[in-house]
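Peer 1:
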Amino acid sequence: MANVKETTGQIEYYSRAMKAPRIREAATRLADQAREGGWSHEEYLAAVLSREVAAREASGAELRARAAGFPARKSLEDFNFDHQPGLKRDTIAHLATGAFLTEASNIVLLGPPGTGKTHLATGLGLRATQLGHRVLFATAIDWVARLQAAHQNGRLPQELVRLRRYGLIIVDEVGYIPFEQDAANLFFQLVSSRYEHASLILTSNLPFARWGDVFGDQVVASAMIDRIVHHAEVITLKGSSYRLKHTQVDSLPSTRPENTAE
Numbered sequence: 003m004a005n006v007k008e009t010t011g012q013i014e015y016y017s018r019a020m021k022a023p024r025i026r027e028a029a030t031r032l033a034d035q036a037r038e039g040g041w042s043h044e045e046y047l048a049a050v051l052s053r054e055v056a057a058r059e060a061s062g063a064e065l066r067a068r069a070a071g072f073p074a075r076k077s078l079e080d081f082n083f084d085h086q087p088g089l090k091r092d093t094i095a096h097l098a099t100g101a102f103l104t105e106a107s108n109i110v111l112l113g114p115p116g117t118g119k120t121h122l123a124t125g126l127g128l129r130a131t132q133l134g135h136r137v138l139f140a141t142a143i144d145w146v147a148r149l150q151a152a153h154q155n156g157r158l159p160q161e162l163v164r165l166r167r168y169g170l171i172i173v174d175e176v177g178y179i180p181f182e183q184d185a186a187n188l189f190f191q192l193v194s195s196r197y198e199h200a201s202l203i204l205t206s207n208l209p210f211a212r213w214g215d216v217f218g219d220q221v222v223a224s225a226m227i228d229r230i231v232h233h234a235e236v237i238t239l240k241g242s243s244y245r246l247k248h249t250q251v252d253s254l255p256s257t258r259p260e261n262t263a264e
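Numbering (the working numbering), first residue to last: 3 to 264.
1) Where does A140 sit, in a helix, a strand or coil, going by DSSP?
2) One question on the structure: do N322 and P114 come within less than 8 Å of each other, judged by their Cβ atoms?
3) Can you tell me whether S206 is helix, strand or coil according to DSSP?
4) Mind checking who L174 pairs with in its DSSP beta bridge?
5) Whose C-alpha, out of A151, Q160, A19 and G62, is nearest the C-alpha of L133?
6) Residues bridged to V146 by DSSP?
7) Grab the span of the alpha helix (DSSP H) containing L188 for me, first residue to last.
8) Just checking T124 against the ligand MN - is the residue's beta carbon closer than 7 Å to any of the ligand's heavy atoms?
9) H121 to Q183, Cα distance in whole Å?
10) Can you give me the start and stop residues for the beta strand (DSSP E) that I109 sits inside?
11) Helix, strand or coil for I25? Go by DSSP, reduced to three states.
12) Please name the residue or residues paired with V222 in a DSSP beta bridge.
What follows is the structure, given as structure tokens:
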């Protein structure tokens with residue numbers, strides 16, 4: 003039987019060959035604990051491998067979060083539910099399980115500026131990266147610019163197929179700036195390409211009834227909304243801007259009482 007030094011050397015060599023340095027660290031750290039606890043060989047091996055898998059998953063989640071393009075890292079744990087007393091924590095907790103992603107369902111967050119829509123969208127997106135999903139975040143205007151560039155290069159179909167490989171796309175600020183007709187059609191194609199295939203999270207300061215103004219066409223807006231909400235959780239946030247909480251400003255000009263899903 004090889005002595006401890008030789009065995010340690012072999013573990014170090016194998017971990018380097020497998021490009022799994024944490025196996026070496028975990029094997030050394032857990033060896034005494036395994037002896038003292040009377041672990042079986044299988045229990046010790048499982049414990050060592052679990053450390054490597056956990057570290058790889060954490061590393062992968064960080065890479066996915068960086069690639070997502072979040073404007074800032076805002077977690078669900080940091081969300082101020084006290085500012086949204088009407089928001090059910092159980093609803094957000096269920097969405098945080100990622101079940102909507104496996105079902106290719108959508109989430110729509112409606113409400114005035116500063117009520118937490120982007121925070122929730124980012125938090126759910128971050129949770130998706132931790133669950134192993136690829137995510138992309140951009141404003142509605144940026145998404146349209148991306149689609150326009152692909153269209154001008156004759157690669158729109160390929161771009162839509164590529165984007166469908168992402169489990170979640172987040173579209174922030176729908177409605178802040180009206181779309182030209184061509185831009186509205188491109189956005190409609192993005193929504194249609196993901197319908198029942200992959201998930202969307204959209205945030206908007208306008209109720210659905212006013213999306214026709216944004217897209218310049220009631221028919222296009224209606225068809226788009228129909229696809230979005232067919233499998234979706236629609237959440238309406240209310241109240242004044244959280245960002246104005248400690249200022250002398252009571253409300254914003256764009257805040258409207260009709261911000262509902264109807």
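C-beta atoms are modelled at their ideal positions from N, C-alpha and C, and glycine is treated no differently.
Peer 2: Taking the definition as stated:
1) When secondary structure is reduced to three states using DSSP, A140 falls in the strand class.
2) In this structure the chain extends from 3 to 264, so residue 322 is not present and cannot be described.
3) If DSSP states are grouped into helix, strand and coil, S206 belongs with the strands.
4) Sequence check: residue 174 is Asp here, not Leu. Looking at the DSSP output, D174 sits in a beta bridge with T141.
5) When each option's Cα is compared against that of L133, the closest is G62.
6) According to DSSP, V146 bridges with nothing at all.
7) Segment Q183 to R196, the alpha helix (DSSP H) holding L188.
8) In the structure on display, the ligand MN does not appear, and there are no ligands present to speak of.
9) Whole-angstrom Cα-Cα distance: 30 Å.
10) From DSSP, the beta strand (DSSP E) with I109 extends over N108 to L112.
11) If DSSP states are grouped into helix, strand and coil, I25 belongs with the helices.
12) The secondary-structure analysis by DSSP pairs V222 with nothing; it has no beta-bridge partner.
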